[in-house]
Every structure is written in C-alpha cells, then in structure tokens.
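Remarks on the structure that follows.
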Amino acid sequence: MDGHGSKLRAAAAAAAASGTRVPDDALVEMFELLPAKSLHRFKCVSKAWCGLVTDPLHRVRFAQTLAGFLCADVTDDDTAAAGTEIGGVCERCREDGGGDGAESSHRTCPHAAVSNRVITRRFINVSRMAAPLIDATFPFLPPAPPTGEGFRDVIVDARDGLVLLARVRRHESPDLHPPACYLVCNPATARWAAVPPSGWAPTTTSQPVARTYLLFDAASSPHAFHLLQFRLDEMDAVRAVHTYSSAEGAWTDRAGPWRDGGWRDWGRAVAPIQPGTGAAVANGMLHLVVDTDGTTGPNNLVAVDEEGNTRRTIPLPRREVAEKDWHSVFVARSQGRLHYVMCVRPPHGRLSEEHPLKLLVWVLEDHDAGEWVLKHTVSFPELFGRIACQFRVEYSVVAVHPDGNWVFFVRHWDRKLVAYDMDRREVIVVADLGAGGEVGDELPTPYVPLYSKCSALTNIQ
C-alpha cells in the first residue's frame, strides 16, 4: 500500500484504540491524498468512512477508479411495419456507383448496419456501489435533428470521465461515414459540448476510413479537451491528420506537415494504426499501436500531441520468436504506467494443448528510456478454454483496470464480458452482453467518473 494509506490506517487504529473520533474534515483531507485504489479500500473500514468517500459533497475532491462499462444492446425492432425496408445505402456508396431508382433503394451497402435493429445503451456496474451510477442513455444530450433518416449517438472514445460520441444516421458507422456532429459529455455532471463535423469527405479510393480519438487528461488539463482524427487509406495507413481544440472551437488541418514527411516519425511510409488495440493518454499525449512494416507485425508505440505531432516513437517489446508469430492486442494506462498486451505463438509455430497461444502483459517502467518489463503471462486455455482464438473475431480486449491487475475481455462466441485477475489467475464473468449486432456496433467502453466540472463543456450546441 502507498505511504499515505499506511499512515492513515495507523492513525485510524490508534484513534480507535484510544477511543478518539477523527473529525470528518480531517478524514476528508487525508482521503484527498490517496490514490483511487487505496481510497476505495477504506470504504470497507466502516459505514461512516464509506459515507464520506461516496458523499457527493466530497467525492469531487477524491481520485476515482473504474466504475463500469457503457454497453450497447442491439435488439430487433418489433414495431416496424410489415414490408418496411430494413437495409440502407449510404451517400458514399450511392455516389460511388451504388445505382439509383428502385434497384438501389432495395439493397444494403456493405457499410450499413441493418436498420430495423434498435440500439440502446446500458451501464454495467463493477464498482460494488448502488446501481445505477449513471443513466447510460445520456438523456441530457441535445436531441438529434428532426429528419426522417433517424440518428443515433455512437460512443467513439472515452477518457478520464469524458465520453466522445458521434451522431450518425441510423444505418451508418462513424469510422466510414462523416458524422453530423460530435458530442463530448460528462455523464456524472450532465454537461456536454457539441463539436462540428471535421470536413472529412470519404470516398472508396481517398481516405475511406477515419479514426477519431479523445485527448483529455483530468489531472494536468481538466478544463480543455482535444480530438485527433486520423484519416486512413484502404490499407489503414494514415494519410491525413486533423485536430480539434475546445479552446479554439475549430478543427485544424494538419495534413500538410504529414505529407511533408510526418509519417517518417512512425517508422516507414506505410504505418497503419492497428484496429481494436485501444489507445492511452500519458504525459499529455495520445499513445497508439502502429504497424511500421506490413510483413513483420506491429512494433512501435507512437505518442502524438494535441496538434497531431509525433513526439515519441517507443519500440514495443519483442520475444525470442519468429516475427510473424506475434501481434499486438491492446495498450492502456494502468496504475500510472502504460501497459501493452501481446499475443505470441509457440516458437515452432505449431499449436497444441502443450503449446497454445499465450497473452503477455508488459509494463513501460521507464517512459523516457522506453524500458518494458514483462508483468504477466497467461495461456489461452487458462483464459478461454481453447488453445487458440482469433483476435477481434472470437475475443477482444476492452480494458486494463486503471488501478488494479485486471484485464477485461469480450468473448464474442457467447457474448460475455469477462475479467481476468492476474494476481489470482482467475477468470470471472462480469456480464452477459446480449445478442449483439453487426458492423459498427460498440464494444463495452470503460468508464471512470469525473465529478469536477470542465469549463469546456458549455451545454451550448
């Protein structure tokens, strides 16, 4: 336990032995010094302490930890009238030769989710506190435009208590279709800010994909947020970068510096962002896993600042295996350090019960020196009961606990959210995710509450 926590426990024990009651104000001041992990342990000391830690008047001063996950539920719309068209053709496919007239109105483009599905959102509580902690439908957000096409708000990213959503038409995905707008909100305070569209106009041949990330650090810059949008080609390689600043209230085109050689900072001319591998903020920069050579697998972690400039390129750890026998799975920040999860095959490449796939968890002990230390190794039979699973098809990593040794997965074959305890080497089913959906559906998004106010969230559209 940290030094402050040990001193607080000793002081509490001494006070209890002498019959002295520690004043609430003094306890609150001491609680304010504790990291989230230690703070939430002290909720178990007594009902009085638990009440102080969870009191809305005080919690704004305390460190917070993982409260749960925002999860999208997909169900069939039983209210749709008989004969209602259940497909959809996006504007991009229509412009790129999707046809017109009756024929095109009865087809579904490859990017469209089936539009007779209703997507609702719920909160999965992992905090052991009374549920629900938040209303996952975000009823405080401004309504969508009253058009016949129908809109939905899709969670794109979340960071330190703020959630980034893209407002898209019902049958569209925000990675493949330009959103009508973005919304950044704090569910704990019901505050939000509207972000205009970035001007991205994809075609099937030019920047067909855009990935947008939220850059926000509640500790170092609690009153401003930034968005970073990477526009990718058909190989998922970055071709342009655009950024948004809440202070300026506008998007900025950073494509010029990128075309002038910004890609060299990532290692090679082709540097795809690895899909499904997460992102993390550390030292005020966004960290992403990139593939610097399409034949050897991902091998760099890049740190990008709020202006889209690459500030660091950190080589990822390697094992004594053939280069094609490993791949990146996830990056996250936990317990103040960056964590990197990778999958490795046996050195000889042949899978068996004696030689299954394994997941390795690394910690970046020294950010400046780029020093990685192996933290944990677990086999796929221990995790999944199988010698191998396909990443993003049979399983996905959705979080590493920010204050504990837990890794959270989605098992796609039975739609379960599961947690793996690295200390006890145990797998626990957290929640049933329901039937699930198709293209563009959200994975569970980890949520850490932020009870302080962010002046960038103005509730003005």
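Using the numbering used here, the first residue of the sequence shown is number 5, and each one after it goes up by one. Don't be surprised by glycine CBs; every beta carbon is placed ideally from N, CA and C.
Range covered by the beta strand (DSSP E) that runs through residue i
{"i": "lysine 379", "result": "375-383"}
{"i": "alanine 423", "result": "420-425"}
{"i": "proline 450", "result": "449-451"}
{"i": "aspartate 436", "result": "430-436"}
{"i": "valine 245", "result": "242-249"}
{"i": "methionine 346", "result": "341-348"}
{"i": "proline 226", "result": "225-236"}
{"i": "cysteine 3", "result": "Residue 3 lies beyond the range of the chain shown here (5 to 465); nothing can be said about it."}
{"i": "tyrosine 455", "result": "Careful: tyrosine 455 lies outside any beta strand (DSSP E) and carries neither H nor E."}
{"i": "lysine 47", "result": "Per DSSP, lysine 47 belongs to no beta strand (DSSP E) and is neither H nor E."}
{"i": "leucine 166", "result": "166-173"}
{"i": "methionine 289", "result": "289-294"}
{"i": "alanine 284", "result": "284-286"}
{"i": "histidine 371", "result": "Careful: histidine 371 lies outside any beta strand (DSSP E) and carries neither H nor E."}
{"i": "leucine 305", "result": "304-308"}
{"i": "histidine 331", "result": "330-338"}
{"i": "tryptophan 255", "result": "254-257"}
{"i": "leucine 219", "result": "213-221"}
{"i": "phenylalanine 142", "result": "That residue, phenylalanine 142, is in no beta strand (DSSP E); it is neither H nor E in DSSP."}
Nearest residue (CA-CA) to residue i, options the options
{"i": "asparagine 287", "options": "Ala222, Phe35, Ala71", "result": "Ala222"}
{"i": "proline 201", "options": "Thr207, Val397, Leu231", "result": "Leu231"}
{"i": "alanine 214", "options": "Glu238, Asp329, Phe220", "result": "Glu238"}
{"i": "tryptophan 53", "options": "Ala67, Ala40, Phe35, Thr256", "result": "Phe35"}
{"i": "leucine 387", "options": "Arg173, Trp410, Leu74", "result": "Trp410"}
{"i": "arginine 415", "options": "Gln278, Ala423, Tyr399, Lys41", "result": "Tyr399"}
{"i": "alanine 148", "options": "Thr124, Val167, Cys185", "result": "Cys185"}
{"i": "leucine 437", "options": "Leu447, Lys420, Trp204", "result": "Lys420"}
{"i": "arginine 173", "options": "Gly165, Pro319, Ile432, Val158", "result": "Val158"}
{"i": "aspartate 418", "options": "Asp407, Ala439, Tyr424, Gly408", "result": "Ala439"}
{"i": "valine 167", "options": "Thr209, Pro150, Asp257, Leu74", "result": "Leu74"}
{"i": "tryptophan 330", "options": "Arg341, Val397, Asp295", "result": "Asp295"}
{"i": "alanine 228", "options": "Gly253, Gln211, Thr209", "result": "Gly253"}
{"i": "glycine 312", "options": "Asp257, Ile123, Pro448, Leu31", "result": "Asp257"}
{"i": "tryptophan 255", "options": "Gln233, Pro453, Ile391, Arg156", "result": "Gln233"}
{"i": "tyrosine 424", "options": "Tyr451, Gly389, Glu446, Arg396", "result": "Gly389"}
{"i": "glutamine 211", "options": "Asp240, Arg63, Pro226", "result": "Asp240"}
{"i": "arginine 316", "options": "Gly340, Pro226, Ala373", "result": "Ala373"}
{"i": "threonine 381", "options": "Arg322, Cys347, Glu33", "result": "Cys347"}
{"i": "alanine 479", "options": "Glu358, Pro178, Pro226", "result": "Because the chain here runs from 5 to 465, residue 479 falls outside it and cannot be looked at."}
{"i": "lysine 41", "options": "Asp407, Pro453, Glu446", "result": "Asp407"}
{"i": "arginine 125", "options": "Glu446, Val345, Pro453", "result": "Glu446"}
{"i": "leucine 368", "options": "Val345, His352, Arg354", "result": "Val345"}
{"i": "proline 146", "options": "Ala140, Leu187, Leu180, Asn129", "result": "Leu187"}
For residue j and residue i, the rounded distance between their alpha carbons
{"i": "phenylalanine 144", "j": "serine 224", "result": "27 angstroms"}
{"i": "glutamine 465", "j": "alanine 435", "result": "35 angstroms"}
{"i": "aspartate 161", "j": "glycine 260", "result": "26 angstroms"}
{"i": "glycine 102", "j": "glycine 154", "result": "Note that glycine 102 scores 44 on pLDDT, short of 50, meaning its location in the model is unreliable; the coordinates nonetheless yield the value given after this. So the alpha carbons of these two residues sit roughly 21 angstroms apart."}
{"i": "serine 459", "j": "cysteine 189", "result": "12 angstroms"}
{"i": "proline 206", "j": "phenylalanine 220", "result": "27 angstroms"}
{"i": "alanine 284", "j": "glutamine 278", "result": "13 angstroms"}
{"i": "valine 401", "j": "proline 27", "result": "44 angstroms"}
{"i": "threonine 462", "j": "valine 49", "result": "39 angstroms"}
{"i": "proline 350", "j": "phenylalanine 334", "result": "20 angstroms"}
{"i": "tyrosine 217", "j": "glutamine 394", "result": "25 angstroms"}
{"i": "arginine 163", "j": "alanine 170", "result": "15 angstroms"}
{"i": "alanine 192", "j": "leucine 70", "result": "13 angstroms"}
{"i": "arginine 235", "j": "arginine 243", "result": "6 angstroms"}
{"i": "glycine 72", "j": "phenylalanine 142", "result": "15 angstroms"}
{"i": "histidine 405", "j": "serine 131", "result": "12 angstroms"}
{"i": "leucine 292", "j": "aspartate 29", "result": "42 angstroms"}
{"i": "serine 456", "j": "glycine 203", "result": "32 angstroms"}
{"i": "alanine 76", "j": "glutamate 176", "result": "15 angstroms"}
{"i": "tryptophan 270", "j": "proline 60", "result": "44 angstroms"}
{"i": "proline 448", "j": "leucine 31", "result": "35 angstroms"}
{"i": "arginine 156", "j": "valine 122", "result": "10 angstroms"}
{"i": "alanine 251", "j": "phenylalanine 384", "result": "46 angstroms"}
{"i": "glutamate 33", "j": "arginine 341", "result": "26 angstroms"}
{"i": "threonine 79", "j": "glutamate 375", "result": "46 angstroms"}
Range of the contiguous alpha helix (DSSP H) that encloses residue i
{"i": "lysine 51", "result": "51-58"}
Should the region 179-199 be regarded as contacting the region 425-436, the criterion being three or more beta carbon pairs within less than 8 angstroms?
-> no
Check whether the region 348-364 touches the region 244-259, taking contact to mean three or more Cβ pairs, one atom from each stretch, closer than 8 angstroms.
-> no
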